[in-house]
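Structure, as structure tokens:
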Amino acid sequence: MTKTMYEKIWDANLVHEPESGSPLLFVDRHLMHEVTSPQAFEGLRLENRKVRNVHSILGTIDHCVPTKDRHNIVDAIAKKQVETMTSNCDENDINLFGMDSDQNGVIHIIVPEHGFVHPGMVVCCGDSHTATHGAFGALAFGIGTSEVEHIMATQTLQQKKAKTMLVKVEGKLPEYSTAKDIALAIIGVTGTAGGTGFVMEFAGSAITDLSMEARMTLCNMAIEAGARAGLVAPDQVTYDYLEGREFSPKGDHWAQAITYWESMKSDEGAVFDETITLRAEDIAPQVSWGTSPEQVISVTGTVPAPSDFTNEVKAQACTNALKYMDIKAGQKITDIHIDIVFVGSCTNGRIEDFRATADIIKGKKVAEGVQAIAVPGSFPVKVQAEKEGLDKIFLDAGWEWRDPGCSMCLAMNGDELKDGQRSASTSNRNFEGRQGKGGRTHLVSPAMAGAASIAGHFVDIRDWK
Amino acid sequence: MQPYIKHTSIAALMDRSNVDTDQIIPKNFMKKVERTGFGINLFHNWRFLADNITPNPAFELNKPAFQGAKILVAGENFGCGSSREHAPWAIADYGFNTIISTSFADIFHSNCFKNSILPIVVTAEQLASLMAEIAANEGVEFTIDLPEQKVTTPGGIVINFDVDAFRKESLIDGLDDIAWTLKHVDKITAYEEANKKKLPWLWPNA
Ligand code: SF4
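Protein sequence lines correspond, in order, to chains A and B. Per the working numbering, residue 136 is the first one in the first sequence, and the count goes up by one each step. Per the working numbering, residue 13 is the first one in the second sequence, and the count goes up by one each step.
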């Protein structure tokens, strides 16, 4: 019988399927940050339970960290959260890339940097963007804090099997269209609930053409389509990325590992519950116009009207979004002016992303009245960018070059939009107030963000240069 | 955990779709290291005016008729976005133990069960009829019977809903998930021993 990659990972990690009760799935890797873990450690302590497999955990501090003067956390409660994370990891002997580590950064950026996630694994984190690691062919998904505690105590999760969806993107992606645009275009098709109950496998020539970084951007956004997880089959690109990293298999194990990883790919002819197909050639740079990632359109488009939707719920959502975003139906996307530009986050905070923005802004100046901030996803990204002289390009163009952290992706660390301000952001969520109460977010790729910083409004980078 | 069986309570109406966890509990209220005390900030940005104290009279849950409601009836794709369990903590702490919608985001859905909240999935027509009954009679009380898997209303609506058998049992008994799993600890140990042989590079000193 043929099987999909999801089914193979499920079978390989199935510990026990009791007659009455929930199947137990083994969790190979458990990622942690300061916001969703403290109550889990507290729960363990109260019940006198121990962390079962300490080596399976890697932690960081990223959500609350200031990106300027990073050790000076003014918010007392944020400071307590950081201290609690540090002491919890100390007490339990957990590998933490903490505030003083030169490897610190956003969890979904640093984990791949250390080769901590491999194909075929089950990977969990109290964070919905855990889906990022599906780029390696791992089944990676977000969980709640009770489940964080459950994994620490048992190394397993009570899970229900998901349905499978094959998302095929065939053809060649046009110049200036990126993995971010593929992700937004897919969500434009499926809607934010279209993937609910599914694990998506991304396949097709446009996907295998993507770099590892770009695959991470794509899988990162799978959750915005409602999917439990996204997957890309491992191939030479994956292996080249993993080889030699700290937690990658070494010596004889390397060849054994590749054999195992290869065996985990979906079989030829494996049956998916659903399939959708997109043509890469049709994917233009995307800009979200509303307050949900499915409210997205290509840069050449205009803001839709409620009457453009036959579905009543979507029409109402459009009305609400137009009001919150303070834009008008029929307005050209390229006529939307912005106040702040943010490049960073676990969606687009990797080295390639800063290269892409730098390439656009090089030798130009940020538009008057616009604030532009670049926040590398981790210290290794920052150091690499500086080695390449990218920091100079940003600074010369009038950008701020900050220290790593989640920053304005969710605005928990003090970097935020003020009421009524509008951003071009490379992050993943344009929900009401996500980047600050009353703030308005437009999701774009790093290159599009770069161009918007210079022009002061969105531009079609394809004919802008 | 609090056992969940059967109750008759006020049903509050929230006619919005895609209510995301960022709205349920905005991130500035997540910087706590405890599980309690999130209820006062449930739906903060909608619930309060710009001074952050005065209740917003236009926000549906501030209606006098909905005070004390245990049942929340809301539009599709409820609980999307961030995985934060602070969202169900806030919902439970505020006083809701039941949410009725046509669909829930995956992570939120499973987080609910961990916090004695029953998420009930109904069809679009059923949701519309429940919403219509509340709109016509604000403060109306619905009856939720988990053992019978049934919602009934004074207006005569009867809905039989599906719920995963194991989760139903856990809710009714108020079971601790971890204790349940640890009953199978020998299976976990056996799996780990086999895994050390199969994928030795994943284990320290294996
Ligand atoms: S960068 Fe944004 S999405 Fe990613 S982990 Fe941080 S807050 Fe979450």
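Heads up, the beta-carbon is just placed ideally off N, CA and C, and yes, glycines get one too.
In this structure, DSSP gives residue 147 of chain B a helical state, which the three-state scheme calls helix. Taking the Cβ atoms as the reference, residue 72 of chain B lies roughly 11 angstroms from residue 143 of chain B, outside the contact range of under 8 angstroms. Look at residue 105 of chain B: its C-beta is not under 9 angstroms from any C-beta on chain A.
Relative to the ligand SF4, residue 538 of chain A has its C-beta separated by 8 angstroms or more from all heavy atoms. Within its own chain, the residues whose Cβ lies closer than 8 angstroms to the Cβ of residue 161 of chain B, once the five positions on either side in sequence are excluded, are 172, 173, 174, 175, 180, listed in chain order. Closer than 8 angstroms to some heavy atom of the ligand SF4: that describes the Cβ of residue 168 of chain A. Following the DSSP letters along the chain, one finds residue 156 of chain B inside the beta strand (DSSP E) bounded by residues 153–157. Identification of chain A residues near residue 94 of chain B by a Cβ-Cβ cut-off of 7 angstroms yields 263, ordered along the chain. Within the same chain, Cβ atoms closer than 7 angstroms to the Cβ of residue 131 of chain B are found at 111, 116, 121, 124, the five residues on either side in sequence being excluded. Close to residue 189 of chain B, with beta-carbon spacing below 8 angstroms, are these residues of chain A in chain order: 281, 285, 293. Not a single C-beta of chain A is nearer than 9 angstroms to the C-beta of residue 143 of chain B. Closest in alpha carbon position to residue 418 of chain A, among A:332, A:308, A:241, A:146, is A:308. In terms of Cβ geometry, residue 197 of chain B and residue 146 of chain B do not form a close pair [threshold 9 angstroms]. Look at residue 506 of chain A here: in three-state DSSP terms it is strand. Within chain B, the residues whose beta carbon sits less than 9 angstroms from that of residue 278 of chain A are 95, 97, 119, 122, 123, listed in sequence order.
When the beta-carbon positions are compared, residue 551 of chain A and residue 571 of chain A come within less than 9 angstroms of each other. Annotated three-state conformation of residue 316 of chain A is helix, per DSSP. Residues of chain A with a Cβ closer than 9 angstroms to the Cβ of residue 171 of chain B do not exist; the shortest Cβ-Cβ separation is about 20 angstroms.
Chain order gives the chain B residues near residue 547 of chain A as 39, 40, 42, 43, where near means a beta carbon separation below 8 angstroms.
Contiguous beta strand (DSSP E) elements confined to the segment 289–377 of chain A occur at 291–293, 298–305, 333–338, 364–367, taking only those with 3 or more residues. Between residue 518 of chain A and residue 502 of chain A, the alpha-carbon positions lie close to 27 angstroms from each other.
Contact annotation, residue 356 of chain A with residue 411 of chain A: C-beta distance approximately 15 angstroms; criterion of less than 8 angstroms not satisfied. Contacts between residue 212 of chain A and chain B, judged by CB atoms closer than 7 angstroms, involve 43, 44 in chain order. Across the structure, residue 224 of chain A and residue 230 of chain A are spaced so that their CA atoms are roughly 7 angstroms apart. For the C-beta of residue 161 of chain A, the chain B residues within less than 9 angstroms are, from N- to C-terminus, 200, 203, 204, 207. Shown here, residue 497 of chain A sits in coil according to DSSP, grouped into three states, outside any helix or strand.
If you draw a straight line from the Cα of residue 465 of chain A to the Cα of residue 442 of chain A, it is about 11 angstroms long. Under the three-pair Cβ rule at 8 angstroms, the segment 85–97 of chain B counts as touching the segment 321–336 of chain A. Leaving aside the five residues that flank residue 127 of chain B on each side, the residues in its chain whose CB is nearer than 6 angstroms to its CB run, in chain order, 100, 104.
Taking 8 angstroms as the upper bound for CB-CB distance, residue 549 of chain A and residue 381 of chain A are not in contact here, some 32 angstroms apart.
For secondary structure counted as the beta strand (DSSP E) over 3 or more consecutive residues, the segment 255–287 of chain A holds these complete runs in sequence order: 257–260, 274–277.
Inside the segment 211–249 of chain A, DSSP marks whole beta strand (DSSP E) runs of 3 or more residues at positions 230–232, from first to last along the chain.
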